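The next block holds one structure in the form of C-alpha cells; read it before the comments.
Protein chains: 6
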Amino acid sequence: MADSVFMAELTWPAFEAKVKANVPVFFPLGTTEQHGPHMAMNVDVVLPTAVCERVAKNVGGLVVPTIPYGYKSMPRSGGGEGFPGTTSLDANTFSLVVRDVIRSLGVKGVRRLVVVNGHFENCWPSVEGVDLGLRELARDGIKDMQVMRLEYWDFVKRATLDRLFPDGFPGTELEHASLLETSLMLLLRPELVDMSKVPDDGPAKFPTYDRYPTPKGFGPASGVLARADGSTAEKGEWLMSDHVELITQAVKKEFGL
Amino acid sequence: MADSVFMAELTWPAFEAKVKANVPVFFPLGTTEQHGPHMAMNVDVVLPTAVCERVAKNVGGLVVPTIPYGYKSMPRSGGGEGFPGTTSLDANTFSLVVRDVIRSLGVKGVRRLVVVNGHFENCWPSVEGVDLGLRELARDGIKDMQVMRLEYWDFVKRATLDRLFPDGFPGTELEHASLLETSLMLLLRPELVDMSKVPDDGPAKFPTYDRYPTPKGFGPASGVLARADGSTAEKGEWLMSDHVELITQAVKKEFGL
Amino acid sequence: MADSVFMAELTWPAFEAKVKANVPVFFPLGTTEQHGPHMAMNVDVVLPTAVCERVAKNVGGLVVPTIPYGYKSMPRSGGGEGFPGTTSLDANTFSLVVRDVIRSLGVKGVRRLVVVNGHFENCWPSVEGVDLGLRELARDGIKDMQVMRLEYWDFVKRATLDRLFPDGFPGTELEHASLLETSLMLLLRPELVDMSKVPDDGPAKFPTYDRYPTPKGFGPASGVLARADGSTAEKGEWLMSDHVELITQAVKKEFGL
Amino acid sequence: MADSVFMAELTWPAFEAKVKANVPVFFPLGTTEQHGPHMAMNVDVVLPTAVCERVAKNVGGLVVPTIPYGYKSMPRSGGGEGFPGTTSLDANTFSLVVRDVIRSLGVKGVRRLVVVNGHFENCWPSVEGVDLGLRELARDGIKDMQVMRLEYWDFVKRATLDRLFPDGFPGTELEHASLLETSLMLLLRPELVDMSKVPDDGPAKFPTYDRYPTPKGFGPASGVLARADGSTAEKGEWLMSDHVELITQAVKKEFGL
Amino acid sequence: MADSVFMAELTWPAFEAKVKANVPVFFPLGTTEQHGPHMAMNVDVVLPTAVCERVAKNVGGLVVPTIPYGYKSMPRSGGGEGFPGTTSLDANTFSLVVRDVIRSLGVKGVRRLVVVNGHFENCWPSVEGVDLGLRELARDGIKDMQVMRLEYWDFVKRATLDRLFPDGFPGTELEHASLLETSLMLLLRPELVDMSKVPDDGPAKFPTYDRYPTPKGFGPASGVLARADGSTAEKGEWLMSDHVELITQAVKKEFGL
Amino acid sequence: MADSVFMAELTWPAFEAKVKANVPVFFPLGTTEQHGPHMAMNVDVVLPTAVCERVAKNVGGLVVPTIPYGYKSMPRSGGGEGFPGTTSLDANTFSLVVRDVIRSLGVKGVRRLVVVNGHFENCWPSVEGVDLGLRELARDGIKDMQVMRLEYWDFVKRATLDRLFPDGFPGTELEHASLLETSLMLLLRPELVDMSKVPDDGPAKFPTYDRYPTPKGFGPASGVLARADGSTAEKGEWLMSDHVELITQAVKKEFGL
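Residue numbers (full-length UniProt numbering), protein chains in the order written: chain A, 1 to 257; chain B, 1 to 257; chain C, 1 to 257; chain D, 1 to 257; chain E, 1 to 257; chain F, 1 to 257.
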C-alpha cells in the first residue's frame, strides 16, 4: 500500500506510527449546500479537503475525513435553508460531532490538530466543538493537545485579492458560490462547474439584519450571493497557492516545525 | 456538467428536479475504523458508498454524502475503541446526525429514502436516528416519507455464502476486516489492501459477554476478527453482485418502481 | 430483617457492608412489552431478575432494582412500538438511566458490576450507557470499576438448544414471546401464561431490512415472532439451569471469585 | 390468566381492552434510597405502588410499572446522596423517563393518567416530565390526555395527623424514614422493618439553606430525619386508609367516574 | 469609578482583586412572572437582587447579575404558565444556566458562593444546577468551592410572621403576589405597585394535586394566590430587615467571616 | 403605575393589552464580560438595552428582560474566557435560553419580535436559538411569528464611521471595549467609565486563526482590542442616534408600522 496523506487510506499500524511521530493532523469541516445553478453542492467539502491535502503534504501531516454535513445555511451568507439540496445539522449536533472527533483523536494520541473550516456557518459551532472537545480531553487527563482553528479563505494575500477584485473585495460573507469558490472549483473539479449557467442576479443586497421567515426575494434566486462570472482555474490557482503557502507557514510557526 | 448519481455532484436545480420526480435517495452510513494491518481504515465508507452508487444507478436514484464517523466500535464486533485510528461518535451524537439529515432531506421533499449501513455498530443508533427524524418530520407536517433501513451485508445469497465459506459462515459479527470486507476492498480499492500483511491471529474467540475495561488479549491483536486470507477481488465481485441485485430488488418492491 | 439478595430489601448499613466486601452487583435491564396474547408484558423484567437472583445467590452478590422501561421495540425483534402495551424510552433516555445508575453505584463503592440484559433492543443503548457511566466515573477519579455486560440468553449450552429445537434454532432475534421465553415464564410465573392462547401465526418471515412506517402484516399479528407451542416449565428449567450455571461460571472467572 | 390491576401482568390484548374502556392509569414514581438503619431501601417503591394498587382497584384502573430510580436525594429531605445505597438519576434523566413513559402511554391511547409520586425529591422533575410529555403528545396530535400529579402523603386527614402526632406534625420534609413511612412499611412489608434498630438521633435540625459540600453532621447520621419510634402497622393502616380513600375520591371527581 | 457591590459594575481588574480576597459572591435567581393586577412582573428579580445587595454590603461581597428568566410557573404556587407575561425556561435549560454560571465563576477563582433564589419554582432546578456545576468543577480540578443555596423568604423570624399574619401564616406556596411580596415591592419599588388594583378573589383553595391541562378556575383569576390587601412598605421593611439580618448571619457563620 | 416600555415593569393585564395590540417586542441579548481596565463589565447589557428602550419608545413597543450571561468570549473578538469576570454560557445553553424565551413569548401571543444582540459572540448561538424557537412554535401550531434578528452596531451610517475613524474603521471584531463601546458607555453610564485607565496596548494584531490553548500575549493584556482613547459622550450620542434611527426605520419597514 502506498503512503497517503489521508488518514482513512492508511492501516491502523501506519496511522499509529504517524501519531507517535506527532505529525500535525488536519480536520476539514464542510457541508452539502447549494452553490448556484452552475456548480455542484460539494464545494465546501472539496475545497477545504484540497487545502488540507496540500498543506499536510508540505508538513508531513495527515488529513482525517471531512465532515460532509455542516451547520445550517444562513440567508445572508449561504442563501439559507430554503434552497433545495442544502442539507444541514443543528448547531448542537454539529458541535457534538466536532467534539467527539477531537476527543477520539486526542485519546488516540494526536497532539497537533488543525481544524480547517470550509463553510462559513460552521465557524461558530466549530469553535464550540473545539472548546467542548478540549474540555472533555482535559477531564480525561489529556491536557497537552495543541489546536489551530481557521477558515481557509482568510489565508490570502492582499495583492491576490486586489488582482481578483480590481473594484474592491465584496467581503467574505457574500463570497458564496461566487468568484473565489467558482475559480477554486474550476481548478480542482472543473467537471462540476458549468460556466454557461453562471447567473447574473447578484450581487445580493442584504439589509443588516436577519428576517424570519425569510421573505421572498431576500437574496438572489440563484443562490449566488456575489458574482461568479470571470471565474477561471487560473484564478483558482492564485487562491489555492496563497491558501496553501500561508496556512503551511502558520502551521509550521505554531507547531515549531 | 454530467449527470451524477451523487447528489453532492449536482447543482441545486438538478437536485430539485430529481426530488420532484420522487427518485429514491440512498444515505450511506460508514465510519473510520481499524480494519487490520492489511487494509485501510475507510472500508466502512467505501463499501456502502459503492453499493449505494450501483443500486442508485439501477433505480434512477441519488446517493447523499456518506457519514464518515460512526458509532463507537465494540470489541466483539470491530475490535473496540482501543485501536489506533478508530475514530467514533457517541451514540447520541450519531443518532442526532442521522435525525438531522433525514429531517433536512424530508423538508426538501425527499419521500423515498434508503438508509444503507456499512458499519456494524451503527445499526442501532441509526434505528434511533431514523425514528427521531421521522418523528420530527411528522411534527413538521410531513407524514408520508417512506424509509428502508438496512445493513448491506444482509443481502447475500445462501449459495454465495456457501461458496465463500465451504466450512460454514462464522457469522456477521466476526466478519470484521475479514474475508468479505477484504474481498470487496480488493474489488473496489485494491491499492488500499496489502494481502501480504494479512494476519493469522484469528478467528477471535470471544466470550458471550462484554468486559470493561477491555482485557488484554480480549480479541486478536491484529484487529481482524475472523480470517482474511483467501480474499480475492473475484469473491468481492460475487458479493457486490448479490448486494446490488438483492437491494435493487427490495427497493423496487418497496417503492413500487 | 432477613438477609436478601435484593439490594433494595436491605438497610443502608447492610448494603454498605456488602459493598465494603466488594461483592458482585447485578443490574438487570428489562422493559414492558407485548409478549403475545398468551403471556404477560413483564417477561423482560421477570426473566433477567430471576437469573440475577439465582446467580447472585451463587456468588454472594446483590441485585439492584430492574429497569422496567427499556428501549423501543423494533418490529423485527419485538413486534415494534405499534403494539398495545409496549411502553418504551428513547435510546438517549435509556442510556442516561444506565449511565446514572452506574455512576451512582460507582460513587458508592461498587467495583464489580454485572449488567444483565433481558430485552433484545436494550443491548446497544446499554453498551452506550456503560461507556458513558465509566467515562464519568473515571473523570470523578474512579477508574477501577470492573464491568461485565451480557444478554442472559447467550448463556445456554448447545446441547440444550438441540434438545429444545430438534429442527434447528431459529435464532435469538425471532425468539420473542416464543418457546424460550414462554417456557421460562411457565417455570417462574405460570399464572401469567395461558397456553390456550398461544397463537399459530408464526414464525415471522421478515425481510432483511426495516421499513418505516411499519407496513401492515410486517410481522405476525399476535406479536409472537417464532412459535410458543410446546413450551413447558420443564424446558424453562433446562434453560434457567444453563443460564445460571454459565453466568455464575463467567462471573467467578472474571472477578476471580 | 387472572385479571390484574398491574398492567405488566396483563397480555397486550387485555391491556388494549382496558385502554379502549378509558380506565384511569396510575404511574408510581419511586426511588432506591436509604431509609434508616431499621428499614429497607425500597420504601419509596413499595408505598406508592401499594397506594396505586388499592386506588386502581377502587376505580377499575391499571398500574404501570413503578420507576425504581428517582431524582437525587437532598440532605434536608432525604439525607442526601452521601448515604450508602441511595441510587439516583440526574434531574434531566428522570424527567426524560417520565416524559417518554407518558408519551408512550398517550400514543397507545391512555387518556386518564394519575402520576403518583412516592419520593419527595421526584416532585419537581416529575412536574417537568409531565409537561414535556404532554407537550410532545400535543405535537403528535394527541391533545386530550387528562393528567393528575400528586404526592400520596398529601392525602391524609387532619384528624389522622393529629392522632399520629399529638405534639404536632413536624412536616413533610422531615418525614423521611420516620413515623409515617415506618408505619406504612410495617403494614405492607413488616419483614423489611426491624424496630429494634430504630435510631434516636433525630429529629434533624436543619438550617434554612443547603450547603455544598454537605458538612459533617448536617443531618442525623442514621438517615432518619424525624422520629420512627412508636411506628406500628395499625398507624400504617390509618394512613393507608386515608391515602386510598382520599385519592380515590379525587380521581373519581376529576375523571367523572 | 466608584466601588460597587454589583460585579458587573466593576472593571475586570477590580473584580479580580475581590476574587483574590475571596469575598463571598451572591448569585440571585429570579424570573419574569405575573404578580397580580396590582404589581409589575419583575418582583422575583427585584426582591432577591435587593436582598443580595444588602447582604453583600454587610459582608464585603459581590452580586453577580440576576437570572431574569426562571423555571416555569406552577399553578399551585405561581398561577401557572397560562398567565400573560409569565416567561419561563424549561427545567433543563434553567439548570444548565445555573451550572454554566457556577462553572464560569469557579474557573475564575470564586470559592464562596451564595445562590439566592427569589422564585419558588426555581428551587429544584437550581439545586440540580448547583450539583451539575460543582460536579463539572471537580472534574476540572476545582474541588474547594463552598456553596450555600437558599430561598430568601425562609429567613424570617417567627415573631415577624406572627406580626404580619395575626390569623396564621398561609404558607410559602400561596405567598405569590400576596402580602409579603407586595409589601417588599412597596418598600423597594413603590412606583411598580398600585394598591388600588389589589384583587380580592383569593386566597386560592387548591386541591392537593396538580391537574393538566389546568382547569378553568383552578386558582384565582387575578393570579394573586393569597391576599395582598394590607400590604405596606413598613411591613416590607420588617421583612427585608429579617432577610438581611438572618442571611448575613448565616453567611458569616458558614464562611467563617 | 406609570406605563413603561419595559415589559417586566408592567402588570400582566397591561402586558396582555399590549400583546393584543400586536406591538413589537424587543429582546436584548447581552453578557457579562471584561471590557478593559477602564470600563465596567455590563457594557453588553447596558448598550443593547438602551438601544431597545429608545427604539421601543419610537414604535410603541416593549422590551423584555435582557439576557445577562451570553456565549463564551473568543480571544479574537472579546479577549477570551481567560479574563477575570467574563462569565459565560455554553453555546447550547445560550441557544436553549433564546429558544425558550421565544417559545414562551410566542405562546403568549407575541407575533412581532426583534432580537437585538449586544455581544459579538452571541450572534451565532442566537441565530440557532431563533431557529429552534420558531421550529417549536410551528409544531405548537403557531406559524405566524415574525422575527428580526440584528446586531445593533451594524446600524450606523457610513458618514458617522468616517467621522469617528478618520483613519479608517478597524472593523467590528476589534471594536471590543474600544472607541464605540466606550463612547456609548460615556453617554449612558459615565460613572462606569474611567477614562484615566484607558490602556494603550492596542490595537490587537491577531493572526487569522484561533489557537488553543490561548497563548500568552495572543491579544492585548488589557482586554481592549482596538483603541479607546478619544472616546466621548458626544461620539456616543452620534452612534446612539444612528442605531436608534436606523433600527426604528427597519422595524417600521418590516412590520409595516
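For glycine and all other residues, C-beta sits at the position ideal for the given N, C-alpha and C.
Just so we're clear, the structure is a prediction, and the values are computed from it rather than from any experiment.
- Element boundaries [alpha helix (DSSP H), containing A:Asp-229]: Note, A:Asp-229: premise wrong, no alpha helix (DSSP H); not H, not E.
- To which residues does DSSP link E:Asp-162 through a beta bridge? E:Asp-162 pairs with nothing; no bridge assigned.
- Message: Just to confirm my understanding: we take D:Val-98, look at its own chain, exclude 5 residues before and 5 after, and list those with CB closer than 6 Å. What are they?
- Response: Ser-126 and Gly-129
- Query: Do D:Gly-82 and the ligand FAD come close, with the Cβ less than 7 Å from some heavy atom?
  - Reply: You won't find the ligand FAD in this model; it holds no ligand whatsoever.
- Message: Beta carbons nearer than 8 Å to chain C: which residues of the stretch 43-63 of chain E have them?
- Response: none
- Item | Closest residue to C:Tyr-71 among B:Pro-65, B:Arg-76, B:Gly-61 and B:Trp-124 (Cα-Cα distance) | B:Trp-124
- Message: In chain order, what are the residue ranges of uninterrupted alpha helix (DSSP H) at least 4 long that sit wholly in the stretch 79-130 of chain F?
- Response: Fully enclosed alpha helix (DSSP H) runs of 4 or longer: 91-107.
- So, is F:Asp-200 buried or exposed, given that buried needs 16 or more other C-beta atoms within 10 angstroms? Under this definition F:Asp-200 is an exposed residue.
- Runs of beta strand (DSSP E) wholly within the stretch 166-203 of chain F (minimum 3 residues, chain order): none
- If we cut at 8 Å on Cβ distances, does C:Val-97 have a partner in chain B? no
- Could you tell me whether the stretch 98-118 of chain C touches the stretch 203-211 of chain C, where touching means 3 or more Cβ pairs closer than 8 Å? no
- Thinking C-alpha only, which one of C:Thr-32, C:Asn-22, C:Asp-242 and C:Arg-54 is nearest C:Arg-158? C:Asp-242
- For B:Phe-26: DSSP bridge partner residues: B:Val-63 and B:Val-114
- Query: Are D:Pro-28 and D:Thr-49 closer than 8 Å when you measure CB to CB?
  - Reply: Yes; because the gap between Cβ atoms is below 8 Å, this pair is in contact.
- Query: Between the stretch 189-198 of chain B and the stretch 164-176 of chain B, do at least 3 Cβ pairs fall closer than 8 Å?
  - Reply: Counting C-beta pairs closer than 8 Å gives fewer than three between the stretch 189-198 of chain B and the stretch 164-176 of chain B, which falls short of the contact rule.
- Item | Residue of B:Val-244, B:Glu-173, B:Thr-66 and B:Ala-21 minimising C-alpha distance to B:Phe-120 | B:Glu-173
- List the endpoints of the continuous beta strand (DSSP E) containing F:Glu-151. Here the beta strand (DSSP E) through F:Glu-151 covers 146-151.
- Message: Nearest by alpha-carbon distance to B:Glu-53: which of B:Ser-183, B:Glu-81, B:Tyr-152 and B:Leu-225 is it?
- Response: B:Tyr-152
- Compile a chain-ordered list of the residues in the stretch 135-169 of chain A whose CB is closer than 8 Å to at least one CB of chain C. Arg-139 and Asp-140
- Taking D:Met-185 and D:Val-43 to be in contact with their CB atoms under 8 Å, please state how far apart those CB atoms are, rounded to whole angstroms. 6 Å
- Thinking C-alpha only, which one of A:Asp-100, A:Thr-248, A:Arg-139 and A:Val-23 is nearest B:Glu-81? A:Asp-100
- Query: Looking only at DSSP bridge pairs, what is D:Met-74 linked to?
  - Reply: Partner(s): none; D:Met-74 has no beta bridge.
- Message: Any beta carbon from chain A within less than 8 Å of B:Ser-231's own beta carbon?
- Response: no
- Sequence-distant residues of the same chain with beta carbon closer than 6 Å to A:Ser-222, five excluded per side: Gly-36, Pro-37, Pro-199 and Asp-201
- Item | Option nearest C:Pro-203 by Cα separation, candidates C:Ala-228, C:Phe-83, C:Gly-61 and C:Lys-216 | C:Ala-228
- Message: Could you compute how far the alpha carbon of E:Glu-181 sits from the alpha carbon of E:Gly-78?
- Response: In this structure, the straight-line span from the alpha carbon of E:Glu-181 to that of E:Gly-78 is close to 12 Å.
- Message: Alpha carbons only, please: which of A:Thr-87, A:Ile-67, A:Gly-60 and A:Asp-3 is nearest the one belonging to A:Ser-73?
- Response: A:Thr-87
- Message: Looking only at its chain, what residues have a beta carbon closer than 7 Å to the beta carbon of A:Lys-197, apart from the 5 residues adjacent to it on each side?
- Response: Pro-37 and His-38
- Say whether chain E places a C-beta atom closer than 8 Å to the C-beta of F:Gly-85. yes
- Please list the partners that F:Thr-208 has in chain A, where partner means a Cβ-to-Cβ separation under 7 Å. Leu-150, Asp-154 and Phe-155
- Message: So if DSSP puts C:Arg-211 in a beta bridge, which residue, or which two residues, is it bridged to?
- Response: B:Met-148
- Per DSSP, what kind of secondary structure is A:Met-1 in: helix, strand or coil? coil
- Message: Looking at the strands, I want to know which residues DSSP matches up with A:Phe-255.
- Response: Answer is none; A:Phe-255 lacks a bridge partner.
- Query: Between B:Ser-231 and A:Asp-90, what straight-line distance do the alpha-carbon atoms span, to the nearest angstrom?
  - Reply: 42 Å
- Could you tell me whether the Cβ of residue 258 of chain C comes closer than 8 Å to any Cβ of chain B? This structure cannot speak to residue 258 of chain C, because chain C is shown only from 1 to 257.
- Task: With DSSP collapsed to three states, give me the class of A:Met-41.
- Result: Coil, per DSSP.
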